[in-house]
Amino acid sequence: MNALTDLFTIDRIALNSPCINRAEAFAAVGQLFSTQVGLEADAIVAFLNAREDLGSTALGAGVAIPHGRVKGLKQPIAAFFKLQEPIDFASPDGEAVSILIFLLVPEKATQQHLEILSSIAQLLSDPGARKTLASEDDPKKICNLLQSWGSA
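Numbering-wise (UniProt numbering), the sequence shown opens with residue 1 and increments by one.
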């Protein structure tokens with residue numbers, strides 16, 4: 001078991017998402033998370049935008065981890081989006097982003113937040129994992145990779 005095991009479910013894997021910019025991607029994940037955790041979609045988008053305003057959550061190499069601490073959230077929740085077309089995300093390497101892993105954690109979950117972010121960053125920093133995530137079209141396989149990352 002690792003920090004990502006319980007975060008991802010098949011219904012939070014979106015492949016070939018048609019979002020054409022950051023605002024559309026944030027709105028789509030806001031709606032997804034809203035239906036699953038009962039928070040307002042607009043509030044989720046506001047939390048994500050507030051974090052993004054501090055600096056881009058893009059890591060480079062076409063990936064980003066938009067994230068934030070959310071008041072009223074009971075447990076961490078994550079989603080994986082693979083976009084049909086890459087979007088500008090102010091990446092440090094200037095490369096457009098096509099893989100987004102969204103993470104929301106409870107407002108007070110500081111240490112847990114950092115552990116999960118670290119695991120996601122390690123996953124996305126692995127060229128083999130990135131290649132698999134970018135090329136795989138089976139949501140179950142994506143979900144399994146995300147859930148098992150870092151497990152012995």
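We treat Cβ as the ideally placed atom computed from N, Cα and C, and that holds for glycine.
Less than 8 Å between the beta carbons of E52 and P66, yes or no? yes
State buried or exposed for S118, treating a residue as buried only when at least 16 other CB atoms are found within 10 Å of its CB. exposed
Ranges of the beta strand (DSSP E) found wholly within the UniProt domain "PTS EIIA type-2" (6-149), counting only runs of at least 3: 13-17, 58-60, 67-70, 77-87, 97-106
Can we count C143 as close to the ligand FAD, meaning its CB is less than 7 Å from some heavy atom? This structure does not include the ligand FAD; it has no bound ligands of any sort.
Compute the distance between the beta-carbons of G128 and V97, then report whether it is under 8 Å. no
In its own chain, which residues sit with a C-beta less than 8 Å from the C-beta of F33, not counting the 5 before and 5 after it? L39, A41, I44, I77, A79, F102, L104
Measure the C-alpha to C-alpha separation of R91 and I116 and round it to an integer number of angstroms. Reading off the sequence, residue 91 comes out as Ser, not Arg. Each residue's alpha carbon lies about 21 Å from the other.
Can you give me the Cβ contacts of A3 inside the same chain, cut-off strictly under 6 Å, excluding the 5 residues immediately before and after it? E115, I116, S119
Excluding the 5 residues preceding and the 5 following T9 in the sequence, name in chain order all residues of the same chain whose CB lies nearer than 8 Å to its CB. C143
Same chain, Cβ closer than 7 Å to L146, five either side skipped, listed in chain order: L4, F8, F80
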